Amino acid sequence: MNTTTAAQPPMLPAAPLVIAGFWRRLFALIIDLLMLGALGMIIGTLFFGPLARMGDAAKLIGFVIALAYFGLCNSRVFGGQTLAMRWLGLRVVDAQGGVLSLPRSMLRYVVLGVPFFANGTAFNSQWMLTSALGYVLGCVLALMVFGGILSIIYLYVFNRRTRQSLHDLVVGSYVVQAVPAAARANFPSIWRVHLVAVAVLALLALGAPAVAKRLAATTSFAGMLPMYQTLSMQPHVMSAQVGRTRLNFNGSVTCSMQATLRLDAPLSDDSAMAKRIAQLVARADHGIAREDTVRITLVYGYDMGIASGWKSHGYSFKPAELK
9 MNTTTAAQPP MLPAAPLVIA GFWRRLFALI IDLLMLGALG MIIGTLFFGP LARMGDAAKL
69 IGFVIALAYF GLCNSRVFGG QTLAMRWLGL RVVDAQGGVL SLPRSMLRYV VLGVPFFANG
129 TAFNSQWMLT SALGYVLGCV LALMVFGGIL SIIYLYVFNR RTRQSLHDLV VGSYVVQAVP
189 AAARANFPSI WRVHLVAVAV LALLALGAPA VAKRLAATTS FAGMLPMYQT LSMQPHVMSA
249 QVGRTRLNFN GSVTCSMQAT LRLDAPLSDD SAMAKRIAQL VARADHGIAR EDTVRITLVY
309 GYDMGIASGW KSHGYSFKPA ELK
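So the mapping is simple: my numbering equals the position in the sequence shown, first residue as 1, plus 8.
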């Protein structure tokens with residue numbers, strides 16, 4: 009009895025993993041952020057008052073939600089894919105093509121999320137400009153926020169070879185097109201010029217506190233510091249911003265002093281409070297007579313980082329009304 013064995017076809021080498029393109033990755037991020045934003049809006053609607061009273065601390069809630077979502081989904085727990093990545097056929101992998109461990113995925117999002125969540129957080133600007141410890145903290149924040157955000161955006165746009173942004177470089181991850189696990193990893197190295205650019209951006213960010221300190225020493229800025237301090241210490245005021253504006257329209261110049269106050273209570277419609285604040289501004293500004301208007305904006309609301317909601321009311325006064 010003769011038996012024959014059919015020849016087996018030769019095994020083909022596994023296809024290499026393909027790094028995800030810019031636009032597909034961007035669309036996935038936008039979709040994920042929109043879903044987180046919708047969740048944040050629901051939470052904000054249900055807990056508007058408590059979140060508003062928390063001030064910038066409400067961002068911690070948003071950060072924890074985002075960290076849980078991206079950290080879990082981009083790890084091996086959910087196969088390295090957020091919901092949007094599943095829909096668009098993307099996956100986060102390491103240099104060997106495997107999915108990330110949970111701690112590694114969490115760190116990846118911390119590097120990405122912290123600069124954006126910390127951006128816009130109110131700090132004691134006078135202390136940071138006048139004390140040595142405050143200056144050091146300012147440098148750390150500038151490096152983390154401005155240096156981090158600029159580096160992330162730069163690498164997203166210009167690192168075409170590996171498409172790694174700052175958070176990918178820190179943990180050694182890549183975003184690839186989702187294919188069967190048999191695909192092999194053979195990623196190129198990042199162009200070193202991009203690393204030099206990130207270092208330059210970090211140095212520029214470190215110089216920001218020095219520039220701010222020099223600006224604080226100018227006459228116009230220094231004159232506003234007492235006003236800022238006075239407004240910041242008023243009841244229900246969590247943070248304050250003051251500034252002057254000059255508008256030139258058809259040859260007519262309008263000068264105004266403006267103050268925006270974030271409140272911890274629903275007082276944005278309190279006209280009496282607005283006038284009292286305007287009177288404080290007028291007393292603190294020796295050149296108030298040269299201003300055409302004093303504009304006060306009272307703001308009450310929350311910012312979770314993933315979603316925000318505000319109620320604001322603007323009030324305008326003539327300097328003569330404030331005597």
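Note that CB positions come from ideal geometry on N, CA and C, so glycine has one too.
Small disclaimer: the values here were computed from a predicted structure and weren't measured.
Best match in the options for proximity to residue i [C-alpha to C-alpha]
i	options	result
residue 36	261, 90, 74, 281	90
residue 305	44, 255, 254, 245	245
residue 288	150, 32, 275, 302	302
residue 262	243, 300, 235, 232	300
residue 340	176, 30, 202	This structure cannot settle anything about residue 340, because the visible part of the chain is limited to 9 through 331.
residue 165	28, 221, 151, 211	28
residue 167	153, 210, 50, 203	203
residue 67	32, 81, 45	45
residue 31	223, 93, 255, 140	93
Neighbourhood of residue i by C-beta, 6 Å cutoff - its chain only, sequence neighbours within 5 removed
i	result
residue 206	159
residue 325	286, 302
residue 209	155, 158, 159
Inter-residue Cα distance where the pair is residue i and residue j
i	j	result
residue 278	residue 268	14 Å
residue 272	residue 219	31 Å
residue 237	residue 87	51 Å
residue 264	residue 280	20 Å
residue 333	residue 283	The requested residue 333 does not occur in the structure, where the chain is confined to residues 9 to 331.
residue 157	residue 123	6 Å
residue 275	residue 327	23 Å
residue 69	residue 125	11 Å
residue 291	residue 116	50 Å
residue 78	residue 112	11 Å
residue 200	residue 216	25 Å
residue 295	residue 232	11 Å
residue 61	residue 84	37 Å
residue 161	residue 297	45 Å
residue 2	residue 130	The first residue shown for the chain is 9 and the last is 331, placing residue 2 beyond what the model contains.
residue 151	residue 100	26 Å
residue 329	residue 260	22 Å
residue 26	residue 114	24 Å
residue 212	residue 153	12 Å
residue 47	residue 127	21 Å
residue 307	residue 50	21 Å
residue 253	residue 241	24 Å
residue 34	residue 95	13 Å
residue 56	residue 65	14 Å
residue 139	residue 63	25 Å
residue 42	residue 214	32 Å
residue 256	residue 223	24 Å
residue 54	residue 323	29 Å
Close-in-space but distant-in-sequence residues of the same chain around residue i (CB under 8 Å, 5 per side omitted)
i	result
residue 19	Annotation note: pLDDT 48 at residue 19 (below 50); position unreliable, coordinate value reported separately. None.
residue 239	245, 248, 250, 267, 269, 285, 288, 289
residue 119	156, 174, 175, 178, 179
residue 331	290
residue 80	86, 110, 113
Host alpha helix (DSSP H) of residue i (start-end)
i	result
residue 121	110-126
residue 30	30-54
residue 287	279-292
residue 99	That residue, residue 99, is in no alpha helix (DSSP H); its beta strand (DSSP E) goes 98-102.
residue 148	140-150
residue 72	66-81
Span of the beta strand (DSSP E), counted from its first residue to its last, around residue i
i	result
residue 156	Per DSSP, residue 156 belongs to no beta strand (DSSP E); it is in the alpha helix (DSSP H), 156-166.
residue 248	245-257
residue 325	316-325
residue 303	301-311
residue 265	260-271
residue 184	181-185
Neighbourhood of residue i by C-beta distance below 7 Å, restricted to the same chain and skipping five residues each side
i	result
residue 172	163, 182, 198
residue 52	59, 310, 312, 315, 317
residue 293	235, 265
residue 121	71, 74, 75
residue 97	185, 186
residue 258	none
residue 169	196, 198, 199
Cutoff 9 Å: residue i Cβ touching any chain D Cβ
i	result
residue 292	Structure shown: chain D not included; a single protein chain is present.
Under 8 Å, with one C-beta from each stretch per pair, do the region 102-110 and the region 142-149 reach the 3-pair mark? no
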